[in-house]
Amino acid sequence: MAVARKEPGTKADIVNRLKSVGALLMRKGISGGAYFSGASLNDIASQRDTKDHFAERLRNAANTPQVITVRARKDEPERTYMIVELDKITNLAESLEVEEDFETISEYAMRIIGDDPIPPARIPKPRKRQAPPRMNLQG
Amino acid sequence: MAYILTSWAASRVLSGHPDDDLTHWVTKAKVRPMIAIATMGSVLHGIATDTRYSANQRSRMSLVAQEALRDIHEDTGDRLLRAEFDIRAAEILAEILNIEEGQDVLSELDLIPAAIAIQHNHTLIVGHEIEAWENFAGEIAPETGSLTLMTFAPS
Chain A
5 MAVARKEPGT KADIVNRLKS VGALLMRKGI SGGAYFSGAS LNDIASQRDT
55 KDHFAERLRN AANTPQVITV RARKDEPERT YMIVELDKIT NLAESLEVEE
105 DFETISEYAM RIIGDDPIPP ARIPKPRKRQ APPRMNLQG
Chain B
115 MAYILTSWAA SRVLSGHPDD DLTHWVTKAK VRPMIAIATM GSVLHGIATD
165 TRYSANQRSR MSLVAQEALR DIHEDTGDRL LRAEFDIRAA EILAEILNIE
215 EGQDVLSELD LIPAAIAIQH NHTLIVGHEI EAWENFAGEI APETGSLTLM
265 TFAPS
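Order-wise, the sequence lines are chains A and B.
If you count by our numbering, then the first sequence holds residues 5 to 143, one letter each, in order.
If you count by our numbering, then the second sequence holds residues 115 to 269, one letter each, in order.
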């Protein structure tokens with residue numbers, strides 16, 4: 005799966021791009037990918053709130069990356085930037101050492117269970133759920 | 115694409131049964147599946163209550179499940195990845211709990227990985243009640259998100 009490299013368009017496009025970055029990392033076994041795939045529309049700043057809520061953006065970057073787009077002016081094209089907590093990037097760089105030839109969980113299970121296979125445990129049927137109450141929103 | 119397991123899918127993968135399609139797929143495609151810790155509650159319950167198991171089978175299955183729990187808890191990414199259930203996932207869960215489709219056969223516990231899958235665009239791995247899951251996914255409101263399924267018929 006490739007991560008789209010086209011110019012970010014709408015806020016939703018930017019969120020999707022972050023999610024695909026996260027998914028790509030997690031597929032490689034890099035759990036730090038969840039930091040990126042956890043992004044939502046709230047993490048994409050508008051011009052207005054960059055001015056008014058920058059400190060809040062910085063705090064939010066502890067949980068999800070924050071994205072700010074700076075409009076084009078004179079000779080500079082529009083560019084999109086991401087605020088990422090430094091620890092997240094250093095941890096990510098360290099976890100890039102993941103070995104590719106690993107034992108999957110299914111291979112591990114086969115090794116432990118041995119020559120006498122066991123059928124998967126039956127998951128009990130759910131307890132009967134009640135239909136959600138019909139709320140009268142008119143009050 | 116990242117993959118998150120429902121409780122039935124997790125049970126199948128952890129049994130490592132040689133005739134199981136889902137187990138084969140994980141091995142061949144070198145998948146590191148994600149499991150929510152809540153899902154392991156269902157799996158442990160299944161292992162403890164499956165009346166077909168002998169004491170020896172139950173103890174071997176428990177050994178694999180305990181190792182899986184450790185993997186998920188430590189989140190080293192060696193074999194399994196921990197799927198976090200956070201505030202946004204809780205909001206999605208609140209939405210999808212309204213869906214009546216499949217409520218007799220799909221456990222509320224399995225709506226936890228479903229909510230995480232919707233939040234992060236992960237693929238939910240389904241190994242049981244496939245039709246009910248497909249119908250359920252079809253009932254999710256577009257503003258909540260969308261649920262991508264990968265299905266493996268029970269072997």
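Cβ atoms here follow ideal geometry from the backbone N, Cα and C, with glycine treated the same way.
So, residue i versus residue j, is the Cβ gap smaller than 7 Å?
i: A:Ala27; j: A:Ser41; result: yes
i: B:Val127; j: A:Ile109; result: yes
i: B:Phe266; j: B:Glu215; result: no
i: B:Ile230; j: B:Phe199; result: yes
i: B:Asp134; j: B:Ser221; result: no
i: B:Asp185; j: B:Leu177; result: no
i: B:Ala197; j: B:Ala150; result: yes
i: B:Thr153; j: B:Ser125; result: no
i: B:Leu225; j: B:Ser156; result: no
i: B:Thr141; j: A:Glu111; result: yes
i: A:Ile122; j: B:Met175; result: yes
i: A:Ser44; j: B:Gly191; result: no
i: B:Leu158; j: B:Gly241; result: no
i: A:Lys78; j: A:Tyr39; result: no
Which same chain residues, not among the five before or five after residue i, have their C-beta less than 6 Å away from its C-beta?
i: A:Tyr85; result: Ile72
i: B:Met264; result: Thr237, Ile239
i: B:Asp189; result: Arg196
i: A:Met30; result: Gly37
i: B:Leu183; result: Met154
i: A:Thr68; result: Gly42, Ala43, Asp47
i: A:Asn64; result: Gln70
Could you tell me if residue i is buried or exposed, where buried requires 16 or more neighbouring beta carbons within 10 angstroms of its beta carbon?
i: B:Leu211; result: exposed
i: B:Glu205; result: exposed
i: B:Glu243; result: buried
i: B:Arg202; result: buried
i: A:Leu90; result: exposed
i: A:Leu100; result: exposed
i: A:Met5; result: Confidence at A:Met5 is low in this model, with a pLDDT of 48, below 50, so its placement is unreliable and the value that follows should be read with caution. Exposed is the call here.
i: A:Arg21; result: buried
i: A:Asn46; result: exposed
i: A:Gly118; result: exposed
i: B:Ile161; result: buried
i: A:Thr94; result: exposed
i: B:Ser129; result: buried
i: B:Gln217; result: buried
i: B:Ala143; result: exposed
i: B:Ala116; result: buried
i: A:Ala76; result: exposed
i: A:Arg138; result: exposed
i: B:Ala169; result: exposed
i: B:Asp164; result: buried
i: A:Gln51; result: exposed
Which whole-angstrom value is the C-beta distance of residue i and residue j, which I expect to be below 8 Å?
i: A:Gln70; j: A:Arg83; result: About 15 Å; that fails the 8 Å criterion.
i: A:Pro124; j: B:His138; result: That belief does not hold up - the Cβ atoms of A:Pro124 and B:His138 are roughly 13 Å apart, past 8 Å.
i: A:Gly33; j: B:Arg146; result: 5 Å
i: B:Asn235; j: A:Lys23; result: 5 Å
i: B:Ala246; j: B:Val219; result: 5 Å
To which residues of the same chain is residue i closer than 8 Å at the C-beta, ignoring the five residues directly before and after it?
i: A:Gly143; result: Confidence in A:Gly143 is poor, its pLDDT being 49 and thus under 50, which makes the residue's placement unreliable; the coordinate value appears in the next sentence. Excluding residues within five positions, none has a Cβ falling inside 8 Å.
i: A:Ala66; result: Glu89
i: B:Ile213; result: Phe250, Glu253, Ile254
i: A:Glu107; result: Arg115
Sorted by chain position, which residues of the same chain lie with C-beta nearer than 7 Å to residue i's C-beta, five sequence neighbours on each side aside?
i: A:Ala49; result: Arg61, Gln70, Val71, Ile72
i: B:Leu261; result: Ala228, Ala231, Ile232, Leu238, Ala251, Ile254
i: B:Thr258; result: Ile206, Glu209, Ile210, Ile232
i: B:Glu248; result: Leu263
Fill in: Short-range partners of chain B found in the region 102-127 of chain A, where Cβ spacing is below 7 Å
Val102, Phe106, Glu107, Thr108, Ile109, Ser110, Glu111, Tyr112, Ala113, Met114, Ile116, Ile117, Pro121, Ile122, Pro123, Pro124, Ala125, Arg126, Ile127
Worksheet item: Of the residues that make up the region 139-162 of chain B, which ones have a beta carbon closer than 8 Å to any beta carbon in chain A?
Response: Val140, Thr141, Lys144, Val145, Arg146, Pro147, Met148, Ser156, Val157, His159, Gly160, Ile161
Item to complete: Using a Cβ-Cβ cut-off of less than 7 Å, give me the residues of the region 15-35 of chain A that come near chain B, in sequence order.
Response: Lys23, Gly26, Ala27, Met30, Arg31, Gly33, Ile34, Ser35
Discussion item. Against chain B, which members of the region 59-91 of chain A pass a CB distance test of less than 7 Å?
Written reply: none
Worksheet entry | Near-chain A residues of the region 178-195 of chain B - C-beta to any C-beta below 9 Å | Val178, Ala179, Glu181, Ala182, Asp185, Asp189, Thr190, Gly191, Asp192, Arg193, Leu194, Leu195
Worksheet item: Taking any Cβ of chain A, which residues in the region 209-222 of chain B have a Cβ under 8 Å from it, in chain order?
Response: Contacts with chain A (Cβ-Cβ distance below 8 Å) from the region 209-222 of chain B involve Leu211, Asn212, Glu214, Gln217, Asp218, Val219, Leu220, Ser221, Glu222, listed in chain order.
Item to complete: Scan the region 36-61 of chain A for residues whose Cβ lies nearer than 7 Å to a Cβ of chain B and list them as they occur along the chain.
Response: Ala38, Ser41, Gly42, Ser44
Worksheet entry | Against chain A: residues of the region 247-269 of chain B by CB proximity under 7 Å | Contacts with chain A (Cβ-Cβ distance below 7 Å) from the region 247-269 of chain B involve no residue at all.
Fill in: Interface residues of the region 120-134 of chain B facing chain A [CB-CB below 8 Å]
Ser121, Trp122, Ser125, Arg126, Val127, Leu128, Ser129, Gly130, His131, Pro132, Asp133, Asp134
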